[in-house]
Amino acid sequence: MLEFFQQNYQKKPMMNSENKSILFSSQSFYPGIGGVSTLLLNLSKYLANLNYKLYAIHLEMPKSANSSVALSYPVNEYIIPKSEITKDIYEGYATFKEEIYQHLHGLKKFDYKNIHDVPGYSEFMRLSDIYAYYLLNALSENDIDIVHFQDYQVMPGISAIPSGVKSVFSLHAPLLKSINPVLSKWFIKYLQKTDKVILSIPQYADIARNFGIQNNKISVITPIIDKDLMSKKVKLNIAYSIPNNAIVICCVQRFDSKSGQEQLVRAFSKLASKIENVCLLLVGESSFTDSISETRKNYFQQIKDLVFSYGLTSKVIFTGNIDYSQLSTIYDLSDIVVMLSKMECFCLAVSEAMSKEKPIVVTNVGGLAYQVKDNFNGYLVKPGDVEQTFKALMALCESKELRYKFSRRSRERFINEFDPVIIIPKYHRLYQSLFSRKIIKNIDYDNMYNLLR
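To convert, count from 1 in the sequence shown and add 24; that's our numbering.
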């Protein structure tokens, strides 16, 4: 049936760019918050303001993944019910993508001679077939111009795209030189079939070119935050748990294999022995993967146990997963923002912190080293280096003047590099280039700026 649809689907040529439609294919979506879900929530808002029609295909989100941030724009969703996917498919899917995830982030060697040998591969592809069914159903029911695939979890769906429909693929994992050739060939097989490939930073684009992806397919577009949401203020109960005049250090990150809360807690224990009035906020908890598999569930408890072993329970606040509308207030409560990932493709939380004028300490890896400039708007430290992290935090805690200087520079860098007013035209230009054979060079940025406000 899928092959028949692909062969017989006829898409009318795209003659103009008015009211064109984008379908997002992703693992998760609103009301899930974090990572790709947050990116799509933010991106959809701005694209809706530019009169794009929006569609989404994703797995059913867990009931706990709720947010009070109301969608002020229509997104027509094709949700794959959890009841349609057997437990063994979910478990295998989660196992396979975790193997890929850990290798892409430099946490694990890839010791397989063939992609088919990776545990969970067959279940991953079975779930991909289900995605393809929903994708082609959406295409048959709607006049969709572009399917935008979000990350490797849905990448095989590129093969299901029929003639006449354009496709875009965004990689939300770091693309490193160290990637195993077996895995790089698997990526290339699909990326050669798509019309455009979006990568987060120039370094990843250079590596993609070296892997043989055509230069005219590659675009560098950094992930986007919701700038309006960062100006909202709400009351939070945790504010009453923070001691008066305490210097508040904050980390907004889910707990998984690449996260750096352990390094942060160990550095904070040294800091707390030197400075009495400090407080650590650990914001986040589980991810979508935790709702379908047990593969990541130990990380959160390990950090709680570490905090207890250091006797820091009175100084460390675990907020758990918070509503997205509360995030701006979290940053307002914070003096320093920290992100110590072992590897990170790009970090929306860092961009958010920069928009809120915060000094930032990050590990010198991936997109983090692109977002934060050492000794300009924060400090870069080595992954796992507790002493260096402690010294960076100590320097910021001891100098209000230094915190202020880095804060102003963070805001400056955000405005110049990561503001939605800069990023959305890049998405718009890329989509527009697919609507006709002409490359769209002239965009009314003044009008677009007004629409984005």
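Virtual Cβ for every residue (Gly too), placed ideally from N, Cα, C.
Asked	Found
In chain order, what residues of the same chain have a beta carbon less than 8 Å from the beta carbon of L546, not counting five sequence neighbours either side?	There is no way to answer for residue 546, as the model of the chain reaches only from 25 to 477.
What is the DSSP secondary structure of A270, counted as helix, strand or coil?	coil
Could you tell me the alpha carbon to alpha carbon distance between V405 and P55, rounded to whole angstroms?	34 Å
Looking at Y76: is its Cβ nearer than 9 Å to the Cβ of A162?	no
Who are F342's beta bridge partners in DSSP?	L306
Is the beta carbon of I271 less than 9 Å from the beta carbon of C303?	yes
Does DSSP put V289 in a helix, in a strand, or in coil?	helix
Check N90 in the structure and name its three-state DSSP category.	The predicted position of N90 is uncertain, since its pLDDT is 48 and thus under 50; a value taken from the coordinates is nonetheless stated next. Reduced to three states, the DSSP call for N90 is coil.
Would the stretch 246-263 and the stretch 286-296 be scored as touching if the rule is three or more Cβ pairs under 8 Å?	no
Assign H140 to buried or exposed, taking buried as 16 or more other Cβ atoms, counted over all protein chains shown, within 10 Å of its Cβ.	exposed
Out of curiosity, what's the CA-to-CA distance linking G58 and I266?	25 Å
Can you tell which of M367, L199, N204, I154 has the C-alpha that lies nearest to the C-alpha of A229?	L199
Under 8 Å by Cβ, that's how I've got E19 and R435 pegged, so tell me the actual separation to the nearest angstrom.	Outside the shown range of the chain, which is 25 to 477, sits residue 19, and nothing can be said about it.
Just list the residues that DSSP pairs F279 with in beta bridges.	Per DSSP, none; premise fails for F279.
Over the uninterrupted beta strand (DSSP E) stretch that includes A100, give me the two end residues.	According to the sequence displayed, residue 100 carries Asn and not Ala. Segment 99-104, the beta strand (DSSP E) holding N100.
Determine which residues share a DSSP beta bridge with I384 and list them.	V361, G402
Would the stretch 274-284 and the stretch 357-375 be scored as touching if the rule is three or more Cβ pairs under 8 Å?	yes
Using the three-state DSSP reduction, which class does Q326 fall into: helix, strand or coil?	helix
Quick check: does the Cβ of F120 come within less than 8 Å of any heavy atom belonging to the ligand FAD?	Annotation note on the ligand FAD: not contained in the displayed structure, which lists no ligands.
How far does the alpha helix (DSSP H) with Q126 in it extend, from its first residue to its last?	111-128
Going by DSSP, what residues sit across from Y79 in a beta bridge?	L47, N100
Is the stretch 386-406 in contact with the stretch 418-438, if contact means three or more CB pairs nearer than 8 Å?	yes
Check each candidate in L253, S208, K121, L65 and name the one with the smallest Cα separation from R233.	S208
In this structure, does DSSP put F53 in helix, strand or coil?	coil
Give the straight-line distance between the Cα atoms of Q216 and N239, rounded to the nearest whole angstrom.	11 Å
Among the candidates M149, E84, V99, whose CA atom is the shortest distance from the CA of G116?	M149
Count the other CB atoms, across all protein chains shown, that sit within 10 Å of the CB of D250; report buried if there are 16 or more and exposed otherwise.	buried
Please name the residue in I185, Y70, L195 whose C-alpha comes closest to that of P226.	L195
In whole angstroms, give me the CA-to-CA distance for S41 and I170.	Low local confidence applies: a pLDDT of 46 at S41 is under 50, so the model's placement there is unreliable, with the coordinate-based value given in what follows. Each residue's Cα considered, the two are about 12 Å apart.
Which residues does DSSP pair with K220 in a beta bridge?	V192
Straight-line CA distance for R4 to I212?	Given a span of 25 to 477 for the chain in the structure shown, any question on residue 4 remains unanswerable.
Given this structure, state the Cα-to-Cα distance separating D356 from S50, to the nearest angstrom.	31 Å
Does I439 pass the burial test, meaning 16 or more other C-beta atoms within 10 Å, or should it be called exposed?	exposed
At a Cβ threshold of 9 Å, is I354 touching chain D?	Any reference to chain D falls outside this structure, which holds one protein chain only.
Run through the DSSP bridge pairs and tell me what V171 is partnered with.	L47, S191
Helix, strand or coil for S16 per DSSP?	Nothing about residue 16 can be reported from this structure: the residues present for the chain run from 25 to 477 only.
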